[in-house]
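Below is one structure, written out as structure tokens; comments come after it.
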Amino acid sequence: MKLLEGKTALITGASRGIGRGIAMKFAEHGANIAFTYLSSIEKGLALEKELEAFGIKAKGYQSDAADFKAAEELVNAVISDFGTVDVLVNNAGITRDTLLMRMSEQQWDEVMNANLKSVFNLTKAITKPMLKQRKGSIINMSSVVGIKGNAGQSNYAASKAGIIGFTKSIALELGSRNIRSNAIAPGFIETEMTAALDPKVVEGWRESIPLKRGGTADDVANATVFLASDMSTYITGQVINVCGGMLT
Ligand code: NAP
Numbered sequence: 002m003k004l005l006e007g008k009t010a011l012i013t014g015a016s017r018g019i020g021r022g023i024a025m026k027f028a029e030h031g032a033n034i035a036f037t038y039l040s041s042i043e044k045g046l047a048l049e050k051e052l053e054a055f056g057i058k059a060k061g062y063q064s065d066a067a068d069f070k071a072a073e074e075l076v077n078a079v080i081s082d083f084g085t086v087d088v089l090v091n092n093a094g095i096t097r098d099t100l101l102m103r104m105s106e107q108q109w110d111e112v113m114n115a116n117l118k119s120v121f122n123l124t125k126a127i128t129k130p131m132l133k134q135r136k137g138s139i140i141n142m143s144s145v146v147g148i149k150g151n152a153g154q155s156n157y158a159a160s161k162a163g164i165i166g167f168t169k170s171i172a173l174e175l176g177s178r179n180i181r182s183n184a185i186a187p188g189f190i191e192t193e194m195t196a197a198l199d200p201k202v203v204e205g206w207r208e209s210i211p212l213k214r215g216g217t218a219d220d221v222a223n224a225t226v227f228l229a230s231d232m233s234t235y236i237t238g239q240v241i242n243v244c245g246g247m248l249t
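Every number in my numbering is 1 more than the matching position in the sequence shown, counting from 1.
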């Protein structure tokens with residue numbers, strides 16, 4: 002069963018990792034896909050082709066989600082290319098991990114801008130078209146770290162906690178217009194972002210997860226399909242933890 006037929010989705014940060022997994026899964030479910038990346042132009046072009054093979058319309062845009070004006074321009078371009086946006090997935094994110102004692106102002110600002118300000122930028126820009134069509138689903142990529150904190154990630158955890166507060170506030174503001182806003186909190190998902198970690202640390206994490214494995218981009222993508230689809234039309238303001246039971 003295709004759950005997203007006739008819908009158009011805008012996904013930020015889809016050149017690799019979780020965002021790429023979401024784009025592929027959305028295309029499999031029949032959605033037209035507009036997606037962004039920051040610098041991975043070749044990966045973006047390759048993904049465009051892979052998505053089109055599902056028989057849907059797909060287009061990649063190089064656009065910095067942390068830039069307010071660029072987000073506005075992006076949404077205008079997507080509306081002009083696709084006619085509508087039914088689903089926004091704010092997925093783009095970065096880490097600049099270090100202990101607070103060593104953290105520079107730049108490391109703080111870069112993470113807050115790429116992870117949290119980006120969610121404000123894109124949501125603000127998408128609100129107008131979604132209000133006009135009186136429907137929409139906004140899905141923001143938080144993290145279990147935004148709920149429980151993590152040593153060495155105070156900037157990242159703060160940005161991800163901020164996303165949850167933002168998500169709930171937007172759900173309250175826009176619920177009466179049939180615009181839903183939810184967050185997903187992935188646990189340890191094995192992507193390029195986590196490939197840089199010490200293998201011993203990774204093995205320790207896998208062992209401590211009740212389901213005894215790291216998650217995959219597909220695990221997160223499946224939850225995202227649900228929140229994007231009409232299967233979740235009475236769900237807003239929620240955080241779904243996709244973490245193999247890590248937070249239990
Ligand atoms: P990833 O493999 O590092 O991919 C990040 C994606 O975001 C790339 O496509 C990158 O584009 C894009 N991006 C980064 N900064 C951007 C910006 N300013 N504007 C537009 N695009 C930008 O990361 P991931 O592991 O898939 O993570 C995806 C999301 O899930 C992030 O928000 C992350 O915080 C969250 N998350 C991940 C995990 C995990 O375990 N992996 C756990 C919890 C939450 P380029 O390729 O052009 O750089």
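Yeah, the Cβ is synthetic: ideal placement off N, Cα and C, and Gly gets one too.
According to the DSSP secondary-structure assignment, Ala184 is paired through a beta bridge with Asn141, Val240. By the neighbour-count criterion, in which a residue is buried when 16 or more other Cβ atoms sit within 10 angstroms of its Cβ, Asp82 is exposed. At a Cβ-Cβ threshold of 8 Å, Val86 and Tyr157 do not count as neighbours. A Cβ-Cβ distance of about 16 Å is found for the pair Gly147 and Ile171, leaving them out of contact under the 8 Å criterion. The residue from Gly94, Gly205, Gly56 with its alpha-carbon nearest to that of Glu6 is Gly56.
In the three-state reduction of the DSSP assignment, Asn179 falls in the coil class, being assigned neither a helical nor a strand state. Excluding residues up to 5 positions away in sequence, Ser155 lie with their Cβ nearer than 8 Å to the Cβ of Leu101 in the same chain.
Look at Tyr38 here: in three-state DSSP terms it is strand.
Taken atom to atom, the span from the alpha-carbon of Arg207 to that of Gly246 is near 11 Å. Of Arg103, Glu106, Asn91, Gly137, the smallest CA-CA separation from Lys118 is found for Asn91.
Taken from the Cβ of Asp65, at least one heavy atom of the ligand NAP lies inside 7 Å. Leu89 is bridged by DSSP to Leu11, Ile139. Counted as a single uninterrupted DSSP element, the stretch harbouring Gly22 is not any beta strand (DSSP E) but the alpha helix (DSSP H) occupying residues 18-29. According to the DSSP secondary-structure assignment, Tyr62 is paired through a beta bridge with Thr37. For Phe121, the uninterrupted alpha helix (DSSP H) run begins and ends at 119-134, by DSSP.
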